[in-house]
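In our numbering, the protein residues as written are 1 to 129.
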């Protein structure tokens, strides 16, 4: 029995970094599930948008019950009851198209910094795929 692809909401975080494959400083596109949802306020969808590293991603207003659901899936963190999280993102170099992973630290719905970049085949332990 073969399972079809799982469907989930995602956004893109764009970083500028050296690609481990082509060794050039390029834009690397990272698929994140944090702060992603097919629903949103006033019919607005939090899905398939591009953000630069450090940019606040569109999300529910702070006063809404949905705001704290910015942690969706794709992450595994040892930090409990905190607004900091980490996600290992499927990524690719926009120049050479190599399949990569990028580990990003998030503070709520803001991508804060890149912690690791590598080839997808070397996906780090402790992160969901």
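Cβ atoms here follow ideal geometry from the backbone N, Cα and C, with glycine treated the same way.
Check	Outcome
Rounded straight-line distance, which links the Cα of residue 34 to that of residue 118	20 Å
Option nearest residue 42 by Cα separation, candidates 28, 59, 18	59
Check whether residue 95 and residue 26 have beta carbons under 8 Å apart	yes
Residue of 92, 24, 98 minimising C-alpha distance to residue 32	92
Spatially closest choice to residue 99 from 13, 11, 16, 20, by CA coordinates	20
Residue 32: first and last residue of the uninterrupted beta strand (DSSP E) it sits in	25–32
Beta-carbon proximity list for residue 49, same chain, < 6 Å, skipping 5 on both sides	11
Whole-number beta carbon distance between residue 86 and residue 105, since they are thought to touch under 8 Å	6 Å
Straight-line Cα distance separating residue 101 from residue 123	6 Å
Candidates 109, 63, 121, 67, of which the one nearest residue 145 by Cα	The structure shown does not extend to residue 145, since the chain spans only 1 to 129, so no value can be given for it.
Opening and closing residue of the beta strand (DSSP E) in which residue 11 lies	11–18
Selection from 125, 53, 39, 84 that minimises the alpha carbon distance to residue 66	39
Assumed close pair residue 103, residue 17 - CB separation to whole angstroms, cut-off 8 Å	In fact, because the Cβ distance is near 12 Å, the residues do not count as touching under 8 Å.
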